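So the structure is just underneath, and the comments pick up after that.
In my numbering, the protein residues as written are 78 to 233.
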């Protein structure tokens, strides 16, 4: 029988541009392996076609999902992470402003590598239907007037 390790506090980092059903899957899978999560919103200092939503808009969306899923007691912090083009400084920023965590939950190779390099455990959650639930594809559908609402939680 495979034993799935369980951790107290996990850190989930994402841009959430927009928060979509792949992110919802990531949160659900994470909460099977951790008691509580911290949400780091990446790229909060960037506003362009790939990052159209502000930190406040993303936080509102995620809070709506948290309330809808009844995770209020399990999501203990949400904070913004600016793009810092230096891996060590980026990780140090996170460690400075985040509540302490004992594992990182991610499906991003870059994030995974940065934390593993310093011995922080990582739970790697595979992408969920990446061909459908990918932020870039959803943003393009939003810009072009295509059908995108079926790719995000109803509450969004």
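Where a beta carbon is used, it is the ideal one built from N, C-alpha and C, also for glycine.
Remember, predicted model here, so these are calculated numbers, not experimental data.
Proximity of residue i and residue j at Cβ, strictly below 8 Å
i, j, result
"residue 88", "residue 178", "yes"
"residue 199", "residue 111", "no"
"residue 234", "residue 180", "Summary: the structure shown does not reach residue 234, with the chain confined to residues 78 through 233, and so no result is reported for it."
"residue 114", "residue 142", "no"
"residue 134", "residue 118", "no"
Of the residues the options, the one placed nearest residue i, counting alpha carbons only
i, options, result
"residue 121", "183, 96, 163, 92", "92"
"residue 169", "149, 197, 183, 145", "197"
"residue 85", "109, 124, 125, 216", "109"
"residue 194", "165, 141, 137, 160", "165"
"residue 163", "90, 191, 125, 106", "191"
"residue 116", "154, 180, 123", "154"
"residue 159", "144, 221, 173", "173"
"residue 220", "82, 94, 83", "94"
"residue 123", "216, 167, 201, 161", "161"
"residue 34", "145, 175, 144, 140", "There is simply no residue 34 to check, as the chain begins at 78 and stops at 233 in what is shown."
"residue 148", "126, 171, 106, 215", "106"
"residue 125", "216, 145, 138", "216"
"residue 214", "202, 167, 99", "99"
"residue 138", "167, 101, 171, 150", "101"
N-terminal and C-terminal residue of the beta strand (DSSP E) that residue i is part of
i, result
"residue 113", "111–119"
"residue 145", "Where residue 145 is concerned, there is no enclosing beta strand (DSSP E), although the alpha helix (DSSP H) it sits in stretches over 132–146."
"residue 86", "84–91"
"residue 153", "152–158"
Those residues which DSSP pairs with residue i across a bridge
i, result
"residue 127", "Looking at the DSSP assignment, residue 127 forms no beta bridge with any residue, so it has no partner."
"residue 200", "182"
Span of the alpha helix (DSSP H), counted from its first residue to its last, around residue i
i, result
"residue 169", "164–174"
| request: Could you say if the segment 180–190 and the segment 124–131 meet the contact criterion of at least three C-beta pairs nearer than 8 Å? | output: Cβ pair count under 8 Å is below three, so no.
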